[in-house]
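The next block holds one structure in the form of structure tokens; read it before the comments.
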Amino acid sequence: MTNNFQSELKSDLQLFLNEQKERFPQKDILKIDLHCHDYNSDVPDELMGRILNVPETWLPTDRLLQELQTNGCNAFTITNHNNARSCYALQDKGFDILTGCEFSCLVPDYNIGIHVLAYGFTPEQEVKLNKLRRNVYLFQEYALKHNIPTIWAHPLYHYAVKKMPPMEFFDKMGLIFERFEVLNGQRDTWQNLLVREWITALTPEKIDGFSKEFGIDPKMYCSDPYKKSFSAGSDSHMGIFAGLTGTYLYIPNLEERLKSESKSSLALEAIRKGDMAPYGSHQNSEKLTIAFLDYVSQVALNYKDPGLLRLLLHQGSTSEKILAFGLSNIFLEIQRHKVTSSFFKLFHESIMGKSPSFFKKLILKPSYKPIFDEVAKMAKAHQEGSNNIVNEYNQSVHNINEKLNEILFSRITKKIDKLDLENKLSADKIEEILMKLDLPSNIRSYVSSDSDKKESTINLTDFLDGLSFPFFASALILSAHFTSTKVLFNTRPFLKEFSKKIGKYHHPERVLWLTDTFGDKNGVSTVLQSIHNEIKERNLPIDILTCSATMKSDDHLIVMPPLYEFSAPLYKDQPIRIPNLLDLHKLFHEKEYDRIVCSTEGVMGLMALYLKSAYSVETSFYVHTDWVMFARKVLNLDIHNQNRIRRMLRVFYKSFDRVFVLNTDQQKWLTGPDMKLKPNKVSLTAHWVDDIFTPQKVNKGQVFGIENDALVLLYVGRISEEKGVMELPRIYKNVQKAYKDVKMVIVGQGPANESLKKELPEAIYFDWLDHDKLPAFYSAADLLVFPSKFDTFSCVVLESLSCGLPVIAYKTKGPKDIIRHKKSGYVVDTEKEMTESIISYLENEDLHSSFKAAAIKRSKDYKAVSIMNDLVKEIGL
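The opening position of the sequence shown corresponds to residue 55 in the working numbering, with each subsequent residue numbered one higher.
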């Protein structure tokens, strides 16, 4: 797929930058980064940073200035949060620097926090500005009165916001500001161009209209309310990219004026006049990711335990404090591992251009040397002043992550091979594991001696030995990608609304549908293949993504190779495959998706929630499996552990914006007292079957190799206990008492194969059949017997009805919604009723033709076009 949206953004930004560069003669401009920070920006606006007691940066002032000069700046300011200490210190040393600060201001009538850059103030005025920043109107009024120019920084990114601001908020702010940061080096191009487009549209007529609407005289806040000026800055806290994005300041006759005036005074004059032009380049999250990765590295190196009382008593929600507690322990744990700490130190130094010593490489393990080489490449790129440094950094980070994952999963494989997982994760041990998920409330249990504790199912200490470095390093690389994306797209719903307001830069509407299974032999795969065919036929903006080492990608089907694959001890015919989450993260952005559907609760379910949180997109879950029933029927868990499973599922499903279910029982269960999902979050959907499922003119001899006048009971599906197959021997033998020559045909495979054959040796068995062969089996049989209480829908039932074969099933979930009792089949409560209904149907031949006709008629209620139309509408396309 062509990235039309991203291409449009790149093209429009480049055109804008070219126009800005041509505005002023190059000989009369100063080049300055109007938005950068050093170590004096030590109190973060973000609550998590304050809870953990970490500064926004550890960057020394001289290092920041060095980066600015390296990247071409010839005039300087430092805009730390709510203080200008660094500027004053440099001025005291005789350095020519423009006083600057980034003030955290509050818009009181909307209770929204914004950042305002201010320049050229005195220490006394700074004190006053800090007092007034709790009311941005008073702040702006004071700034205008004292000729202090201000800039609204990154207008579409706010802090301390409980909900997205209404559009009128921006109309009002357009009256009280005359300078706007339209290009921020650590915000994506979409956000930057939306700001540019909005400011450009603020005509004098609109400004006069807003003035009347809000009863505001803009001259109270702006020297020229009709002149809106553009600025740019890198917003660089780590200093890595300081100066790569910035502002050209126009000073006529610059060379002559520099003979008698300072650059800082001339810069202030240009800002006051609004003689500014942004410069920079297109970017998404690349710069911010590297900056966060460097920041996380520095936190890992410099972090000090803030203390449990601080974590507990600090302002913030319970979930924020739990997260802070977890992060605190991770950073403290990292500091205990010398290899991990050394890596982060090496990484930070290389990003800043310091080459690692060759001696360090000599003492490394061979498996770590490729990582060392990639880190060294980053230092070299910095030293050479590469024009493509952002992409080179990101490529090195990607390569480092690949190698870390390779080391991690190689070691995990060796460790798992040594474990007797077949025994340690057997059904009778699952209850023990689930019970350990409930942490005891008695504090003594955490401080008691090891001898008091029960032996663990798996020795985690031994298992984790040797995994710390690759795990922590790859996890923090991933966390940097997550955090940067979260920062950029935290207000995505608002950005979409904002683009509608200005009538430009609408993000495409595209769905990524995640699933752990697609080409496997199971019902979920069959359904998804039908959905995929419908997507392809209609060319819907939906791509299905799965993970497989053997499948190939197709139109609207993306197949990612697994980083790691293993078989689950309790579900061997469905391998667990783990994709590269970093690749999935990157693909989601590059393919321009804006919403997610997920079909499986496993690895891809977690991936879906990761992407939902990172990209702030709507995410739906499509429930195919009843896991509480699985816990009861397959794992034989007691009621307490079934409830543990249910509670975990409740948290999982509630994390999605919408849940699709396939039957009314599950709809009632999810919205009832057990699960408590909101009714408007749960939508009823259905499956359909391929057009090949129609009655065929075949006989029993052709299909089953038996006499044509024999009666045939058919079972199709997975041969497993949860499907009720172990009831078939008893049912068949009781039916045989009435009809001696009745035949039982079983089609499928599964873990209960041998047990079933032992109990029912006289049945005729077939392996999994190709899809196109099944209609003949349905058409040649007399009745489909479906003893499963596990199915949420059952395509087998619908396939059977479509071929004119009546079905007898239990009155549970999907089958009871599909089958019309005593018209197209039977729905029963007990095994005894099932046996009696089979006998009743077989002996009453007058019913056969009407049941078959009713079966075909009922199947026509499940058509792909209408079901898919409803599904597409529900997910908002």
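Even for Gly, the Cβ is constructed at its ideal location relative to N, Cα and C.
Asked	Found
Reduced DSSP category for G103 - H, G, I as helix; E, B as strand; rest coil	helix
For V444, the three-state DSSP class (helix, strand or coil)	helix
Three-state secondary structure (DSSP) of G755	helix
Three-state secondary structure assigned by DSSP to H169	strand
Cβ-Cβ separation, E761 to P783 (assumed contact under 8 Å), whole Å	22 Å between Cβ atoms; not a contact.
Rounded C-alpha distance that separates G228 from N72	25 Å
Nearest-angstrom Cα separation, counted from Y916 out to F747	12 Å
Rounded distance between the beta-carbons of P177 and R326, thought under 8 Å	Going by Cβ atoms, the distance from R326 to P177 rounds to 20 Å, so no, they are not a contact pair.
Residue environment, R701, which counts as buried when at least 16 other CB atoms sit within 10 Å	exposed
Cut-off 7 Å between Cβ atoms - residues of its own chain near Y142, not counting five sequence neighbours on either side	P177
Paired residues, beta bridge with A331 - DSSP	Y302
Where N58 falls, given that 16 or more other Cβ within 10 Å makes a residue buried	exposed
Same chain, Cβ closer than 8 Å to F684, neighbours up to 5 away in sequence not counted	E776, F844
F820, enclosing beta strand (DSSP E) - first and last residue	818-820
Neighbourhood of G802 by C-beta, 7 Å cutoff - its chain only, sequence neighbours within 5 removed	V770, G771, R772, I773, W822
Reduced DSSP category for P629 - H, G, I as helix; E, B as strand; rest coil	strand
Buried or exposed (CB count within 10 angstroms, at least 16 for buried), L514	Because the pLDDT of L514 is 44, which lies under 50, any placement of that residue in the model is unreliable, and the number read from its coordinates should be weighed accordingly. By the 10 Å Cβ count, L514 comes out exposed.
Residue range of the beta strand (DSSP E) that includes F714	712-715
Coarse secondary structure for N137, derived from DSSP in three states	coil
Identity of the residues DSSP links to N238 by a beta bridge	G287
R649 versus A529: straight-line alpha-carbon distance, rounded	24 Å
Close beta carbons around G656, own chain, < 8 Å, minus the five adjacent residues each side	D570, I630
Proximity below 9 Å, CB of H535 to CB of H610	no
Y880 in three-state terms, based on DSSP	strand
Separation of E180 from D427, as counted between CA atoms	47 Å
Of the listed residues Y707, E781, E588, P306, nearest to V743 (C-alpha basis)	E588
Contact under 9 Å by Cβ, S351 with F295	no
Presumed contact (8 Å Cβ cut-off) between L210 and V249, rounded CB distance	6 Å
Spatial distance of V541 from D824 (CA atoms)	48 Å
Sheet register partners of C601 (DSSP bridge)	M614
CB contact flag (I598, L582, <9 Å)	yes
Neighbour-count burial assignment, Y707, 16 or more Cβ in a 10 Å radius	buried
Beta-carbon separation (whole angstroms), G293 vs E121, contact threshold 8 Å	5 Å
Presumed contact (8 Å Cβ cut-off) between E251 and S285, rounded CB distance	E251 to S285, Cβ: 16 Å. No contact.
Minimum C-alpha distance to W206 - residue among K341, K182, L171	L171
Neighbourhood of M605 by C-beta, 6 Å cutoff - its chain only, sequence neighbours within 5 removed	G573, V613
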